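K.L.:
Please see the structure below; I have some questions.
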Amino acid sequence: SKNLSISGNESFWNELSPGTLLVFSFYTLGVSHANIAKELGITIRASEDRIKPVKRKIKRNYESFDSFRISCISKGKIMSLIDIIREFYCVK
1 SKNLSISGNE SFWNELSPGT LLVFSFYTLG VSHANIAKEL GITIRASEDR
51 IKPVKRKIKR NYESFDSFRI SCISKGKIMS LIDIIREFYC VK
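Residues in the sequence shown are numbered from 1 upward in steps of one, following the UniProt record's numbering.
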């Protein structure tokens, strides 16, 4: 199960819709909203709006989004984000 906990046991991973999870995965890996929108065939605004609530949650637990990214990398969680994106391209 693709579970990412934000500080402690609070996990938000499973709460995300597939579309939001996909945008979130791209964004966490450093892809811009403009390019996410292009890849997914959505507007830039839609890309930004999808992950706003998630970013708010992360900001409550990390000093910056980059520190969250670093945490994902150091804990190996980044691999599940890559898997989500690769799955999308396989299905696509």
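A virtual CB, placed ideally from N, CA and C, is assigned to each residue, including glycine. Since the structure is predicted, the reported quantities are computational estimates derived from the model, not experimental observations.
Smallest Cα separation from E39: which of V23, I78 and I82?
P.N.:
Here the closest residue by C-alpha is V23.
K.L.:
Check whether the Cβ atoms of I70 and S25 lie closer than 8 Å to each other.
P.N.:
No, Cβ-Cβ distance for I70 and S25 is not below 8 Å.
K.L.:
Considering only residues of the same chain and omitting the five flanking positions on each side of T28, which have a CB-CB separation below 7 Å?
P.N.:
Here the set comprises R69, C72 and L81.
K.L.:
For the stretch 31-84, which segments carrying the alpha helix (DSSP H) assignment without a break, of at least 4 residues, lie completely within its bounds, in sequence order?
P.N.:
Correct list: 33-40, 44-61 and 65-74.
K.L.:
What are the boundary residues of the alpha helix (DSSP H) that S25 is part of?
P.N.:
Looking at the DSSP string, the run of the alpha helix (DSSP H) that includes S25 is P18 to T28.
K.L.:
Measuring straight from C-alpha to C-alpha, what distance separates L21 and D49?
P.N.:
Approximately 12 Å between the Cα atoms of the pair.
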